[in-house]
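Accompanying notes for the structure given below.
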Amino acid sequence: MADFNLKMIKIFFLVVIAMLILAMTSGMNILRSDNFFNWQKVKMEANFLKYKRALAAQGENSGGEASRGGLKYTKSVPVLLYHGIITDRDWKEDGTNITLDIFEGQMLALKKSGYHTINLSEFSEYMQGKRDLPEKSILITFDDGRKDSYYQADPIFRALGFNAVMFAIVGRSLGEKSEGDNFYLGRQELKDMLKSGRWEVQSHGDFDHNWMPIDEANDQGHFMSNLLWLPKENRVEKPEEAKKRILADLENSKKKIEDELGQKVIAFAYPFNDYGQSGKNFPEAQQFLAENISRIYPLTFFQEEIREPLANSPDPQRYMIKRINVDSGIKTEELFDILDDNREKALPWQDTFWEDHGWRVKWGETKIWGDLTISEKKPLDGNMTILLGSSRWENYFFKSRIYLTDGNSISQVARYQDDKNYARCNFDAGEVSISQKISGQDSVLASKPGNFSGISDSDREIGAELKGNSISCYLDGQKEIEGNLDSSLSFGGVGFYLWDDLPQNAAARIKKMDVAPI
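One gets this note's numbering by counting positions in the sequence shown from 1 and adding 788 to each.
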């Protein structure tokens, strides 16, 4: 009887052990199933804890620089753009994506330096002049609705108290593609993002990322800037057909986000950074978008060239928002140089060029060491160099002590907004003139014979006075000429422009510059 009982006990324990093993195996299979458990979220939680420890190690800095000395308000807001965040150690830089290590370093450094993120509503009200924002406010954006950007970025945003905007390719994440795929986020993931409070979802177009045939030879072009080939009708679209198609895509992508996610949509990011300027057979595209897109999206985002002014200042008429495209080629130190250089400089401003305060060469060559030396890379190429952080200056007197080392002409640039919109006071051996460029079109406003023939023999002082729409040019303290600028040039920064028709390279040294408010 005792042997029987012992045998039954052994059988009982074997059955229990077998059941435990079965339960554990089944449980692991259930946990591995995306229907019951999301291992990505476990990884995100672990990364969140890692970032919290890292933040604690650097003292939980919550923006000490911004808070010392009382609250100060910013005059401009930078917008960062990221795409994918890459964890593959064998990945090679591609000019688009960024490694997780670099992204982590940038976010932690932004936090430590006192930067804090804002949301789209705050940014929109700021641009309309309806609210102030503290210094070091920044808007972070992502394009495409990629899984690798959300799952890598969200834990660090959660730890730092940051938020961001995701511009999703709607046709790859919602509607018929609402499940997403291995690359793009699906509807439920986008809902999870919104639920966290750390993300907003806006439009990157519906089918705008599809390369489309634009002629019978099957040449490909962008959706928004080309007339498409219609194979069934054996012809190219008519302009009115293209306009109708483009507007429908813009409206549908907005509607899908609002209907499927319950997210108000006010912003659009141009696919391929093409706002109509890159088309091959539809020259009307850029003007058409400029005239129509703002009634659908009050804000539209594009990537600005790194040598242009990059920050955004209040302007109720401006709907196109500049973004800084950040990839692995921009390390943390360089990113901070870009942010510092583009922060709005206060007047009065003086520079003796012992260090670089944000001078950027558009073309030509520039050196800074005790003076600002500007020169051509090769004969007849010219030089344009501008001061970042001055793009919102309005009324000012800008004077410079210069010495022409080669050549006999130089210009002071004023009211510089971008390379298609600015004014110049031009000085050469035989003439002083005023010119302006509006939407890329040059015109001379006034000119008179000059007395600049001895410029290469000694230092000279040149100046430009800007007040309202009037501009006056000065030589050695004397007003030489004046004129009236286009009303669109009511503000803008300063710089220098060098040109010459000599066979050798032209060059000039700027020894000192002063800008005083009027």
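The beta-carbon is built from N, C-alpha and C at its ideal position, and this holds for glycine as well.
Neighbourhood of residue i by C-beta, 6 Å cutoff - its chain only, sequence neighbours within 5 removed
i	result
Glu-977	none
Asp-1144	Ile-1156
Glu-1046	Val-1053
Ala-1099	Ser-864, Pro-866, Asn-1130
Ser-1336	Past the edges of the chain, shown from 789 to 1306, lies residue 1336, and the structure says nothing about it.
Ala-897	Thr-1120
Asp-1206	Glu-1096
Gln-1138	Asp-1302
Ser-1178	Lys-1133, Gly-1281, Val-1282
Supposed contact pair residue j and residue i - C-beta distance, whole angstroms, cut 8 Å
i	j	result
Lys-1255	Ile-1306	5 Å
Tyr-1285	Val-1232	Actually they are not in contact, since the Cβ atoms of Tyr-1285 and Val-1232 sit about 14 Å apart, beyond 8 Å.
Trp-987	Asn-1040	That pair is no contact at about 22 Å.
Asn-1257	Ser-1275	6 Å
Leu-1277	Asn-1209	7 Å
Tyr-938	Met-981	6 Å
Thr-875	Pro-922	Not confirmed; about 33 Å, so no contact.
Asp-994	Lys-935	Asp-994 to Lys-935, Cβ: 19 Å. No contact.
Tyr-1262	Gly-1251	3 Å
Ala-1304	Pro-1136	5 Å
Thr-905	Ile-873	Contact flag wrong, Cβ pair sits at about 17 Å.
Leu-869	Arg-1106	That belief does not hold up - the Cβ atoms of Leu-869 and Arg-1106 are roughly 18 Å apart, past 8 Å.
Ala-1073	Ser-1013	4 Å
Leu-1127	Ile-1084	Going by Cβ atoms, the distance from Leu-1127 to Ile-1084 rounds to 31 Å, so no, they are not a contact pair.
Cα-Cα separation, residue i to residue j
i	j	result
Ser-855	Glu-1219	Bear in mind that the predicted position of Ser-855 carries a pLDDT of just 45, short of 50, making it unreliable; the figure below should be weighed with that in mind. Each residue's alpha carbon lies about 52 Å from the other.
Phe-1056	Met-1000	21 Å
His-992	Gly-974	15 Å
Met-1172	Thr-1161	11 Å
Leu-1015	Gly-1009	9 Å
Tyr-1058	Phe-1089	6 Å
Lys-1068	Lys-1031	15 Å
Ala-1296	Glu-1153	11 Å
Glu-758	Phe-971	Residue 758 lies beyond the stretch modelled for the chain, which goes from 789 to 1306, so this question has no answer here.
Val-1282	Arg-1203	6 Å
Ile-1190	Ile-1109	35 Å
Asn-1113	Glu-910	21 Å
Asp-1062	Ala-845	43 Å
Arg-1023	Ile-890	48 Å
Asp-1007	Arg-1033	19 Å
Leu-1035	Gly-883	30 Å
Leu-1087	Phe-1186	33 Å
Ile-1259	Cys-1213	9 Å
Met-954	Phe-930	5 Å
Glu-913	Asp-1247	48 Å
Phe-1011	Glu-1029	13 Å
Glu-1253	Leu-1176	19 Å
Lys-899	Lys-838	16 Å
Lys-979	Gly-1170	53 Å
Lys-831	Glu-881	25 Å
Endpoints, the alpha helix (DSSP H) within which residue i is located
i	result
Gln-976	975 to 984
Thr-1120	1120 to 1130
Leu-1035	1027 to 1049
Leu-927	It is not in any alpha helix (DSSP H) - Leu-927 instead sits in the beta strand (DSSP E) that spans 925 to 932.
Asn-1201	Position check: residue 1201 holds Val in this sequence, whereas Asn was assumed. Run containing Val-1201: none in the alpha helix (DSSP H); it sits in the beta strand (DSSP E), 1197 to 1206.
Ala-834	827 to 845
Ser-1227	No alpha helix (DSSP H) contains Ser-1227, which DSSP labels as neither H nor E.
Ala-1073	1073 to 1080
Glu-1249	Glu-1249 -> not in any alpha helix (DSSP H); beta strand (DSSP E) instead, spanning 1248 to 1255.
Segment limits, beta strand (DSSP E) that includes residue i
i	result
Tyr-903	Premise fails: Tyr-903 is in no beta strand (DSSP E) and is neither H nor E.
Arg-946	No beta strand (DSSP E) contains Arg-946, which is instead part of the alpha helix (DSSP H) from 935 to 948.
Met-1012	Here Met-1012 belongs to no beta strand (DSSP E), and DSSP marks it neither H nor E.
Phe-1284	1281 to 1286
Ser-1188	1184 to 1194
Phe-955	952 to 956
Leu-869	867 to 870
Glu-988	987 to 991
Glu-1153	1153 to 1156
Neighbourhood of residue i by C-beta, 7 Å cutoff - its chain only, sequence neighbours within 5 removed
i	result
Phe-945	Asn-951, Ala-952, Arg-986
His-997	Ile-957, Pro-1059
Glu-1004	Trp-1017
Gly-1228	Lys-1208
Lys-1225	Lys-1208, Asn-1209, Tyr-1210
Trp-1151	Asp-1169, Gly-1170, Asn-1171, Met-1172
Val-989	Met-954, Ala-956, Leu-978, Met-981, Leu-982, Ile-1045, Leu-1049, Gln-1051
Same chain, Cβ closer than 8 Å to residue i, neighbours up to 5 away in sequence not counted
i	result
Gln-916	Pro-1102, Pro-1104
Gln-828	Tyr-939
Problem set entry | Given 8 Å, three or more beta-carbon pairs between the region 1118 to 1134 and the region 1092 to 1099 | Yes, since at least three Cβ pairs between the region 1118 to 1134 and the region 1092 to 1099 fall closer than 8 Å, the two stretches touch.
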